[in-house]
Amino acid sequence: MAAQVVIPGQPLYTPPTGSVASFRAGTGTYARGGTIYASLRGSCSREGGIISVLGKDDQQSIPEPNSTVIGTITRITRQAATLSLLTVDGKPCRPDFVGVIRAQDVRQTAKDSVKIWSCFRPGDVVRAKVISLGDSRSYFLSTAQNSLGVLFAVSGTTGATLEAVSWEEMRDPSSGELEGRKVAGPE
Amino acid sequence: MPREVDPSINESEFLHKALQQGLRTDGRSVYDMRDVKLTFGDELGWVECRLGETRVVVQVSGEIVKPLADRPYEGFLVISTEISPMASSAYEAGRASDEEVLMARLLEKALRRSEAVDREALCIVAGQKVWSIRVDVHFLDDEGNMLDCASIAAITALRHFRRPDVTVIGEDVTIHSMAEHVPVPLAIHHTPICLTFAFFGDDSLAVLDPSHLESLLASGTLTLTLNSQQEICVLSKAGGVPLPADDIMKVIQIGVQRVKEVDALIKSSLEMEAKKTVVEVR
Amino acid sequence: MAQSTTASTEAPAGTSALTPALFKRLHPRPYLDRFLQEGVRPDGRPLGADAGEAVWRDASVNIGSISTAPSSALIRLGNTTLVCGITLEIAPPDITTPNQGFIVPNVDLPALCSPLFRPGPPSDEAQVLSTRLRDILIASNVLPLASLIIEPAKAAFVVYLDVVCLNFDGGILDAAVLACVGALKNLRLPKATWDPDTGATLCEPISEKAQGESIPLNPLPLSVTFGIFNGHLLPDPTLFESTLCTSHITIVVSSTTSKLLHVYQAGAPLFSAGADGVEGGGREQLKACIALARSRAKGLLEILA
Amino acid sequence: MQQADRRRFGAPEGAVPLRFASTSSSAKPSSSSSRLDGRAPEQVRPIFLQTGLVGEASGSAYIETGRTKLICAVYGPKPTPPSAPFNAKARLNVEVKFAPFSSGVRRFTPGKDTESASLSATLQQSLLPSLILEALPKSQIDLFLTILESDGSDADISAGVTAASVALAEAGVQMYGLVVGCCAAFVPSSPLPLLDPTRAEAKTATAFASLACMPALGTITNVGVSGVVSVEQLDETLQKVVQACGQIHGVAKGALEVESA
Amino acid sequence: MAPRTDRSPTALRPLALSQSLLARADGSTKFSFGNVSVMASITGPTEVRIREELVDKATLEINVRPLRGLAGPSHKAAETLLTSLLAPLILLHLYPRSLLQLTLQTLSSSSTAFSTAFSTSPSSLTPSPSTVTLQSLPPSSAESAARINASMLALVDAGVACKGMLVAVAVAFVEGELRLDPTQREEEMATSRHVFAFSFGVDVGGTEGECVGVDSVGQFEVDELFEAQSLAQTATQAILAFIRKSIETRYGATGAPPPAAVKPAPAMKEEKMELPEEESEGDESMDDA
C-alpha cells in the first residue's frame, strides 16, 4: 500500500495538550513547539515511536561517517590512497566527492608495515567505510574490515581482470602473475 | 601549465663571467643584434621576421567599418598580440601574463602612439566609412627578445601592405579589386623600431638584443623605440637595477646607430620584394 | 568482453545487491553491452535495421510558446528539451554583401541543463554546437539571406536564433536544428521601411491587421545523429550512450530534395573496413544510415507541419 | 568583454533593436474589471507547475503563470570546491539567467547582468531561512534558474521563489517548509492594489510590495516594499498577498504530490 | 567561375613540409597546400595541471589560432574535430598524468576579402547569384585539412607514439565539377565542400587508408559524396607518399628538410605504398596485430 505523501512543513504529529508525546522526530522531520513537521517530501512512517519521512530512492546522498562507499583509486602516495567516489550506501553519487585512505586505515593488523603500493593501484575499484568528514578537501575512509578493500582491479601489464587468491594477493589469469592488493571479502 | 625553468647556477655563473670579459654565449659582442631575416609572403602585408631563432609572423589586413562618433575622420589601427603556447609552453592560451601585457603595451606605444600610421588617411567617408587596419602578430618561437622582433615585423608588414583603391562619389563608395586598380600603400610617417637592452648586476653591464637565457638572468631591461631620424618614440625601463643617467645615454647612442642599420635592412628588403611583386600586380 | 565477465564474477563477491543503477555507474560499458546483446537499448528502444520508427526517441514540437519572441519553438527529443527563440534587429548589411541580411545562431548550454556544465561563458561544447548549427543553417540556405534585406546596402534584418538547452540528454544538434527550422517556419517579419532622410528604419508592429511577412524558406535541413558502440549502430543516442560511443555520425538531409546538406563524422572509423572484407563495405552501411536518416526526417517533418 | 564575445557569434556591426512606428497599441481594460486581462484585483494568474523536467538534476521545476515562464534546477548536494574552507553547513549558490529572447529586445550582456545578479540575491535571501543546511556539512547546493519569458521582474521573482522551493524539495534538501512568493502593485487607476501584476500593469505602478513566505508555518522569509504607500494600505495588502500565497502553496503541494505518485 | 587553368581538377596544389622549425617546442611542422600553410607545434609529454590530469592517459590540449583576427567558436569546433581524430590514434595511455599540448597557427591563407570590386551605390548592385554557393560561409576546408596533416606530422616530429598516420585533404564541387584541394576562391564558389581524413597503419587502415573523418557542408547527392571520398582517398595516399619521402630525407644522411614541392598525379596508386609506420623513428610503435 502506498504510504501517504507528505511535503516539507506539513505537521505530522502534535501531542494532545497535557499529555506526554508518544512520538519522537526521526529522519526527514523536525520538531518545533512540540509539533513534529516533515522536512522532506516523501512517505511518512510511524514505527517504534519515531516519526520519519523517507525521500525518494534515487536521492543524491552525501557521505557521512559510517557510510559505505565505493570508489576508484585516482592517486597513491606513500602515506595514502586517494579515491574518487562512485556510490554512497549503494546509491550513485556525484563523481567529485573525494576520499582518502591513509596508510594506518588500510587494515586492522600490522598497521605500521602497510605499503600502499602493495594494497591499491590507480584504477582499482574499492569498497570502504567513511570514518570522518576529514579535511576541507576529502573524506577519510577506512578499509580495515574483511568486507572492505579492492573489489575489482586490472593488471597493469596485460590489462586483464585480476582474480582474488587471498586477502593480500590477486592473480592475473592470463599470465599467472601475482599482484598485491587489500582484497575485499564477501560481506 | 609548465612554468619557465630557472637556469642552473652553472649557467648563470658562466654567463656572468663571460659577460664581464665582454663575451656572450652565442659569440656576439655586447652591442650586437642577432641577424635579422625578413621573409615576405604571397599576400601583401605578410611578413616573417627572424631574430636569430626568435620568430614572429605578422599579417596586416584591412576592413571597412564605421568610425567612432567623436572621431569621424579617423580610421583604426588594431594590434593584436596574443602569445600562444607555440612560442613557449610557458605562455598559457587565453590568459595574458604580465610579461605579455607589457609587451603588448610597448608595441602599441611604438606603432600607434608614435603615429607611425596616419589614421586620418584611412578615412573614406567622414562619419560613415573608414579603414580599420588590423595587425595580427603571431609569436612562433621565443628565443628571447620577441618584442624587438615583433616591432620589426609589424612595421615592415605595415609598409608592405597595400589596401584596395577606393572611389567615392557622394556617399557611395566603390572599392576596386586588386586586379582592377593598383592597390594603395598606407601613409606611414616614420619607421619606429624597438631595441631592447638587458642589464646585468651592479656593474650596469648592458647587452643589446638579449637571448632567451640572457633575458631570464637579466636583472632588468630597457626598451628604446627609435626611428631612423634619430627620434626617440618610447623609452621604457621597467624595474630592475637603478641605472646612472650616463648609462642610459650611452645605450641610446648605440641604439641610434643600430636602428639605422635595421631601417636600411627593412628598406632594402622591401625594395627587393617590390621588384618581385610588381609582376604580380597587373 | 573481458570486462563484462568481470562484472558477473564481481557481483557475488561484491555487494549483496548490485542494483542496475549501481552496475551502470560502476561498469557503464558492460552495462550498455549487455543491453545491446539482448537487442534492446537501455531506454527500451529496439536495436536493428528492421525495427522501423521505434529506433528513434519521441520528438515533439511546440511552436510560438514564447510570446516575447517574434517566433519560437520548444523541442523535446526524448528527454532532451530545448527552446529556440528568435529576436530581430536591424543592421546595415556588410559592405561586401549589400544584398544580404544576417543570421546569428548561438547555442547556450546553461549549468541548469546538466551537471556537465558550469555557470559562466559558453562552454567549448556550446561553441562547437553554435558553429555546426551556423554551418548547417547557412550552407543549407534554408533562410535566404537576401530575403532579409530592407533596403540594399542600407538596412537589413538580423535574425538571432538563440537556442537554450533545458535538459541535456544527447542529440542536441538534431534538436537544435529542428528548433531553429521550426522557429524560422513560423517567423513573420514586420513591414519595415528605411527612411533615407534619417537613415533609420521604422517597423509596423505585428497585429491582427498587419500580420507581417512570412519568409519563403528553401528546403529544410533535418539533422539525424547516430552513435557507434562495439559495432552497433545506435540511432539518436542518449547522453549516456553518446559518452560511450567511439564514433558519431551526423547526417543532415533536405526536406524535399534528395540532397544531403551536412555529413560529419570523426573518430574511430564508422565501420571497420575488414568487417565484410569488401571495398566499400563501410559505404553500404553509410548508405543505410542515410536511408534511415531520410525516413527519420520524414517523421520530423510531420511533427513540424 | 572581448573574452565573452569570442565564445559566441556576435551581432553584426551597427545592429540596433527594431523601432516601431506607433506604440499606442495598448489594449484597454475590459469594462467589468480594472485589469488588462480581466482579473479581479486580488486574483493571481493561473499557475502551471511541473517538477522533474531536467533529468540529471537532483530536483527541477518549471512554472508558468500567465506569460511568465521559467525553469529552475537544483544540483547537489555536492562537495564544495577544494578552495573553499571547511563549513559545517551547506552553501546555497543561486544563479538567475535571462534567455536572450525573454524580454522583447535581445537580452545579451556578456559577463554579469545586474538585473540577474539582484534577482539571484533576492532569491537566495527568500530561500535561505527555509532550509536546514546544518544537515549537509561541507557541501554545496547549486540552484540555477533560467527565465524563458519575462513579464516584469517582480512577477518573475515571485514565480521563481515558488519554483525554486519546489525544486529544492524535489531534490530532497531538508527544509522547514515550502516557500512561495507573490507580489502586489499599487496603481493610480485602481483603488485596490493589484496582485501578481503583469509587466504592463507594473509600468504604471507607484509602489510595489513583494513577499516570500512559508504558508505551512505562517512565517515570512523575505519582504520588500518600494515606492510610497501608507502603512494601513500596506498592512491590508500584505494580508491579501499572504492569502494568495496560501493558494499558490496549494498548487506547489499538488505538483510535489503528483510527481511522487 | 572559370575552370581551373593552372592544374587539373583532380590535382593537388604543390605540397610543402618542413619539420623541427621551432626551437622551444618539442616538435613542430609546417605543412602547406599551395599558399595555405599551417604551423603545428607540440610540447610534451610535460607537466599537467592537477585539474586536467588524467590518471590513465595523457591530456591532449589543442589550441587552434587563425591568421587574421581572434579565435572564435569556429576555432573551438576545429579543435574538437582535431581532438576526435587524433585521440584514437595517439597512444595516450603511454603518457599517463602528463600533458600533450598541440598548438596550430595558420601561417598563410590568401584573403578573398577584396578580390572582386563592389560598390555601395544602388545602381551597381548585382543580383544574388542564382545557384546557391557557400559564399556566406568563410572558406575553411583546405585550412582544416592542412591543420590535420600538420598536427600529425608535429606528433611524429616530437616522437609521440601513434598507431598510424592521419592524412587529410579537402574536396569541393564547383559548378558540378569535382575539384581536389580547392583554393579559397573555389571554396567560396562551391556548392559543397568536404574534408576527408584517412588513417593509415596496421589495424587502422593499412596501406589503403580508412576514412576516419568526414566534414561536409553544402548541398550534394549521396553519389557525389562517395565520388569525393574516392578522390580524397587516392589523394591522401599520394600525400602520404610525399610525407614519407620528405621524412625519409629528413632522417636520412642529408638532414636538412627537403624543399619539397611535388605535384603528385592523382592517378598515383597504391602499388608503391608500403606500411607507413615503419618510417621515422622507432617510437611510431605499432599496436599488436
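First to last, the sequence lines map onto chains L, Y, D, W and A. Read in the UniProt record's numbering, the first sequence has 46 at position 46, and its numbers run on one by one without any break. Read in the UniProt record's numbering, the second sequence has 17 at position 17, and its numbers run on one by one without any break. Read in the UniProt record's numbering, the third sequence has 136 at position 136, and its numbers run on one by one without any break. Read in the UniProt record's numbering, the fourth sequence has 175 at position 175, and its numbers run on one by one without any break. Read in the UniProt record's numbering, the fifth sequence has 33 at position 33, and its numbers run on one by one without any break. Glycine included, each C-beta is placed from N, C-alpha and C at the ideal position.
Mind checking if residue i is an interface residue toward chain W, Cβ cutoff 9 Å exclusive?
| i | result |
| --- | --- |
| A71(A) | yes |
| F35(D) | no |
| P105(D) | yes |
| P11(L) | yes |
| S166(L) | no |
| G159(L) | no |
Can you pull the chain L neighbours of residue i, defined as C-beta to C-beta under 7 Å?
| i | result |
| --- | --- |
| L22(D) | T87, G90 and P92 |
Give me the chain Y residues within the contact set of residue i, using Cβ-Cβ distance strictly less than 7 Å, ordered along the chain.
| i | result |
| --- | --- |
| I95(D) | I64 |
Quick one: which chain W residues come within Cβ less than 7 Å of residue i?
| i | result |
| --- | --- |
| L133(L) | P137 and K138 |
Closer than 8 Å by beta-carbon distance: list the chain D residues that pair up with residue i, in chain order.
| i | result |
| --- | --- |
| V125(L) | L26 |
| Q101(A) | The premise fails here: Q101(A) is roughly 16 Å from chain D at the closest Cβ pair, so nothing lies under 8 Å. |
| R35(W) | Ordered by position in chain D, no residue passes the 8 Å Cβ test against R35(W), which lies about 18 Å from the chain. |
What in chain Y is Cβ-close to residue i, meaning under 9 Å?
| i | result |
| --- | --- |
| S115(A) | S177, M178 and A179 |
When you compare the CB of residue i with every CB in chain L, is at least one pair closer than 9 Å?
| i | result |
| --- | --- |
| T19(D) | yes |
| P115(D) | yes |
| F86(W) | yes |
What does residue i reach in chain A if we use C-beta pairs closer than 7 Å?
| i | result |
| --- | --- |
| P269(D) | E210, C211 and V212 |
| R6(W) | L70, A71 and G72 |
Using a Cβ cut-off of 9 Å (strictly closer), state whether residue i contacts chain A.
| i | result |
| --- | --- |
| V263(D) | yes |
| P122(L) | yes |
| F9(W) | yes |
Could you confirm whether any beta carbon from chain D is found closer than 9 Å to the beta carbon of residue i?
| i | result |
| --- | --- |
| F140(L) | no |
| I73(L) | no |
| I70(L) | yes |
| F152(L) | yes |
| P16(L) | no |
Can you tell me which residues form a DSSP beta bridge with residue i?
| i | result |
| --- | --- |
| L83(L) | I73(L) and G99(L) |
| V54(W) | BP columns for V54(W) are empty, so no partner. |
| N63(A) | T103(A) |
| D156(W) | Answer is none; D156(W) lacks a bridge partner. |
| Y62(W) | Q50(W) and I71(W) |
Run through chain L and tell me which residues come within less than 8 Å of residue i, C-beta to C-beta.
| i | result |
| --- | --- |
| Q174(W) | P8, G28, Y30, S39 and L40 |
Examine chain Y for any beta-carbon lying closer than 9 Å to the beta-carbon of residue i, and answer yes or no.
| i | result |
| --- | --- |
| N149(A) | no |
| F31(A) | no |
Going along chain L in order, which residues have a C-beta closer than 9 Å to the C-beta of residue i?
| i | result |
| --- | --- |
| P77(W) | Q60, S61, I62 and R94 |
So with CB distances below 9 Å, who are the chain W contacts of residue i?
| i | result |
| --- | --- |
| E89(D) | A11, P12, A15, V16, P17, L18, V105 and R106 |
Give me the chain D residues within the contact set of residue i, using Cβ-Cβ distance strictly less than 9 Å, ordered along the chain.
| i | result |
| --- | --- |
| D154(W) | The contacting residues do not exist; D154(W) stays about 16 Å from chain D at best. |
Please compile the residues from chain W whose C-beta is within a distance smaller than 8 Å of the C-beta of residue i.
| i | result |
| --- | --- |
| V158(D) | A11, P12 and A15 |
Select from the stretch 203-229 of chain D all residues with a C-beta closer than 9 Å to any C-beta belonging to chain W, and list them in chain order.
For the stretch 203-229 of chain D, which is checked against every Cβ of chain W, the residues closer than 9 Å are C203, E204, P205 and S207.
List in chain order: all unbroken beta strand (DSSP E) runs of 3+ residues lying wholly within the stretch 8-75 of chain L.
Every beta strand (DSSP E) stretch that sits fully inside the stretch 8-75 of chain L and reaches 3 residues is listed by chain position as 11-13, 29-32, 35-38, 42-47 and 50-54.
In chain order, which continuous runs of the alpha helix (DSSP H) of length 4 or greater are located wholly inside the stretch 111-149 of chain Y?
Here no run is fully enclosed.
Chain-ordered residues of the stretch 46-76 of chain A with a beta carbon less than 7 Å from chain L:
Correct list: V55 and D56.
Enumerate, from N- to C-terminal direction, the unbroken beta strand (DSSP E) stretches of 3 or more residues contained entirely within the stretch 239-272 of chain D.
Counting only runs of 3 or more, we get 247-254 and 260-267.
Beta strand (DSSP E) segments (min. 3 residues) lying fully within the UniProt domain "Exoribonuclease phosphorolytic" (57-190) of chain D:
With a minimum length of 3 residues, the continuous beta strand (DSSP E) runs that stay inside the UniProt domain "Exoribonuclease phosphorolytic" (57-190) of chain D are 59-63, 71-77, 80-91, 102-108, 149-151 and 155-167.
Whole beta strand (DSSP E) elements within the stretch 185-254 of chain W, 3-residue minimum:
Taking only runs of at least 3 residues, the beta strand (DSSP E) segments lying wholly in the stretch 185-254 of chain W are 207-214 and 219-227.
Please list the segments of the beta strand (DSSP E) lying wholly inside the stretch 100-166 of chain L, counting only runs of 3 or more residues, in order along the chain.
The stretch 100-166 of chain L contains these whole beta strand (DSSP E) runs: 125-132, 139-142 and 149-152.
Start-end ranges of the beta strand (DSSP E) lying completely within the stretch 193-262 of chain A, minimum 3 residues:
Annotation note: the stretch 193-262 of chain A contains the following uninterrupted beta strand (DSSP E) runs of length 3 or greater, listed N- to C-terminal: 206-220.
Could you please tell me which residues of the stretch 44-62 of chain W, in chain order, have their CB closer than 7 Å to any CB of chain D?
Taking 7 Å as the Cβ-Cβ cut-off against chain D, the residues of the stretch 44-62 of chain W that qualify are L53, V54, G55 and E56.
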